[in-house]
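Here is the structure we will look at, set down as structure tokens.
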Amino acid sequence: MLELEKETGVSRTSIWRWENGLADAKGDELIKLSRYFKVSTDYLLGESDY
Numbered sequence: 002m003l004e005l006e007k008e009t010g011v012s013r014t015s016i017w018r019w020e021n022g023l024a025d026a027k028g029d030e031l032i033k034l035s036r037y038f039k040v041s042t043d044y045l046l047g048e049s050d051y
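Residue numbers for the sequence shown follow this note's numbering, beginning at 2 and rising by one.
Encoded structure:
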């Protein structure tokens, strides 16, 4: 989680809330996550297998 926080600039609290189903990532956060994991935002949202 620390690396993800450092590389994306998203707070540890936000990441924890996503992981525990207490919140959903917003648009700009989704873009940061997709770049970090090298996947599309559609993939993160479950709309694509790629």
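Glycine included, C-beta positions come from ideal geometry on N, C-alpha and C.
Handout entry: Boundaries (first-last residue) of the alpha helix (DSSP H) holding residue 15
Key = Stepping through the sequence shown from its first residue, residue 15 is reached at position 14. That run of the alpha helix (DSSP H) goes 13-20.
Handout entry: Distance between beta carbons of residue 26 and residue 19, contact taken as under 8 Å
Key = Within the sequence shown, the letter at position 18 stands for residue 19. Within the sequence shown, the letter at position 25 stands for residue 26. Rounded, the Cβ-Cβ distance is 6 Å, consistent with contact.
Exercise for the section: Can you give me the start and stop residues for the alpha helix (DSSP H) that residue 50 sits inside? Expected result: Within the sequence shown, the letter at position 49 stands for residue 50. Taken as a continuous stretch (DSSP letters only), residue 50 belongs to no alpha helix (DSSP H), as it is neither H nor E.
Handout entry: Per-residue burial, residue 11 [other beta carbons within 10 Å of its own, 16 or more giving buried]
Key = For the purposes of this step, residue 11 is taken as the residue at position 10 of the sequence shown. Classification of residue 11: buried, given that the 10 Å Cβ count is 16 or more.
Practice task
Would you kindly check if the distance between the Cβ of residue 4 and the Cβ of residue 13 is under 8 Å?
Solution key: Translated into the one-based positions of the sequence shown, residue 13 becomes position 12. Translated into the one-based positions of the sequence shown, residue 4 becomes position 3. Not a contact, by the Cβ cut-off of 8 Å.
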